[in-house]
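Colleague:
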Amino acid sequence: MHVFATFASVRHRAGRAARDASGWRISQVLPGLAVFAVIAIVLLFIVVLDRGLFRPLGRVMAEREAAIKSAQQMAEAAATRAREAAAEFERTTRAAQAEVYREMDENRRRASEQRVELMAKTREEVDATVAEAGARVKAQADEARMRLEKEADALGEAIVERVLGRKAS
């Protein structure tokens, strides 16, 4: 109990000596000053945390958010350009395909016309060849006929000479 007796005597002495002129005890004012000191330390701690941690952290987060938004905008712009390029490629491909089909149709039409012309020309050549062959055959037939007539006359005369023994006049 010696410890408690010492603590009580110190408290009693402090209580007597700690009175001011108005009779108030100074120990009652000191807890108020301690509260202000704690408040000041907490405020100082808040200011230090705000300037040393929260503001830089907020700045970094804002920069990251801005970078993310910028990247999203760039991605959207790239996607838009890609869609436009794909649409342009599709239009160009369709136009080229239409041009190829048009050229193929034109080539088919020309080939058909050439085939018709070639058939007509061939038919004319065949007709001309047939007509020429017919004329040659007719000429050969006429020539053969004339020869046969001459030979028939000569044979007739030869027969007459043999049968009659003299020349027919």
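One point on numbering: in this note's numbering, the residue at position 2 of the sequence shown is 19, and numbering is uninterrupted.
In this text, a Cβ means the ideal position worked out from N, Cα and C, and glycines have one as well.
(1) For the alpha helix (DSSP H) that contains ARG119, what are its first and last residues?
(2) Output the distance between the C-alpha atoms of ARG164 and GLU174, rounded to the nearest integer angstrom.
(3) From ALA156 to ARG119, what distance separates their C-alpha atoms?
(4) Between the alpha carbons of MET121 and ALA128, how many angstroms are there, rounded?
(5) Could you tell me the alpha carbon to alpha carbon distance between ILE58 and LEU70, rounded to whole angstroms?
(6) Work out the CA separation of GLN114 and GLU130 for me, nearest whole Å.
Modeller: Taking the structure as given:
(1) 72–181
(2) 15 Å
(3) 54 Å
(4) 10 Å
(5) 17 Å
(6) 24 Å
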